[in-house]
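S.K.: Supplied in structure tokens, the structure appears directly below.
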Amino acid sequence: MFLLLFIPFFGIAQKTAKVSVKKLHGFATIYSNRFVGLRTSTGEIFKHTNLTAASNFFKMNTWVKITNLNNKKTVVVRINDRMHPRMARMGRVVDLTKAGAKRLGNFDGITRVKVEVLKEPVASAKL
Numbered sequence: 012m013f014l015l016l017f018i019p020f021f022g023i024a025q026k027t028a029k030v031s032v033k034k035l036h037g038f039a040t041i042y043s044n045r046f047v048g049l050r051t052s053t054g055e056i057f058k059h060t061n062l063t064a065a066s067n068f069f070k071m072n073t074w075v076k077i078t079n080l081n082n083k084k085t086v087v088v089r090i091n092d093r094m095h096p097r098m099a100r101m102g103r104v105v106d107l108t109k110a111g112a113k114r115l116g117n118f119d120g121i122t123r124v125k126v127e128v129l130k131e132p133v134a135s136a137k138l
């Protein structure tokens with residue numbers, strides 16, 4: 012009986028495990044306003060004024076540098092949330108706050124980006 016309960020749980024854990032990479036190319040989007048005031052995966056209250064992002068490809072609290080490949084502007088943000096799995100299937104690698112998007116050049120909803128993991132947070136990247 013115990014084995015039957017354990018196997019399905021183990022299978023679910025395998026499917027929801029997050030992959031951690033060091034550099035990734037894809038698309039960045041901007042968080043929807045409907046998430047303002049809700050809790051992120053780390054338990055923080057979501058605000059568009061924070062330099063944070065959601066991603067399914069990086070561990071929680073990972074600091075990443077995001078480069079807009081259209082204009083070469085960059086921003087450093089901390090991963091504190093997850094995206095809906097459907098977003099990854101659409102090529103989206105990160106979902107930014109409006110503050111992060113503004114530093115990348117106020118793109119219109121979606122832009123091509125490169126995302127690189129930083130070994131430690133940059134002193135100028137304040138939330």
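Numbering (our numbering), first residue to last: 12 to 138. All C-beta atoms in this analysis are idealised placements derived from N, C-alpha and C, irrespective of residue type, glycine included.
(1) Evaluate LEU115 with the Cβ neighbour count: other Cβ atoms within 10 Å of its Cβ, from every protein chain shown; 16 or more gives buried, anything less gives exposed.
(2) Consult DSSP for PHE46 and reduce its assignment to one of helix, strand or coil.
(3) Out of ASN72, ASN44 and ARG123, state which residue places its alpha-carbon closest to the alpha-carbon of GLY54.
(4) What are the complete beta strand (DSSP E) segments, minimum 3 residues, inside the segment 78-109?
(5) Going by Cα to Cα distance, which pick from ASP119, ASP106 and VAL87 is closest to ASN67?
(6) Between which two residues does the beta strand (DSSP E) harbouring LYS125 extend?
(7) Please state if the CB of VAL104 and the CB of PHE38 are separated by a distance shorter than 8 Å.
(8) For GLY111, does the three-state DSSP call read helix, strand or coil?
(9) For TRP74 and VAL88, I'd like the C-alpha separation in whole angstroms.
(10) Specify, as a first and last residue, the run of the beta strand (DSSP E) that GLY37 falls within.
M.R.: Looking at the coordinates:
(1) Here LEU115 is buried. Its C-beta has 16 or more other C-beta atoms within 10 Å.
(2) Helix at PHE46.
(3) Nearest option by C-alpha distance: ASN72.
(4) DSSP runs (the beta strand (DSSP E)) wholly in the segment 78-109: 85-92 and 103-107.
(5) Among ASP119, ASP106 and VAL87, the Cα nearest to that of ASN67 is on ASP106.
(6) Under the DSSP assignment, LYS125 falls in the beta strand (DSSP E) whose first and last residues are 121-128.
(7) Taking a C-beta distance under 8 Å as the contact criterion, PHE38 and VAL104 qualify as a contact pair.
(8) Reduced to three states, the DSSP call for GLY111 is helix.
(9) Those two C-alpha atoms are separated by around 6 Å.
(10) Counting along the chain, the beta strand (DSSP E) containing GLY37 begins and ends at 34-41.
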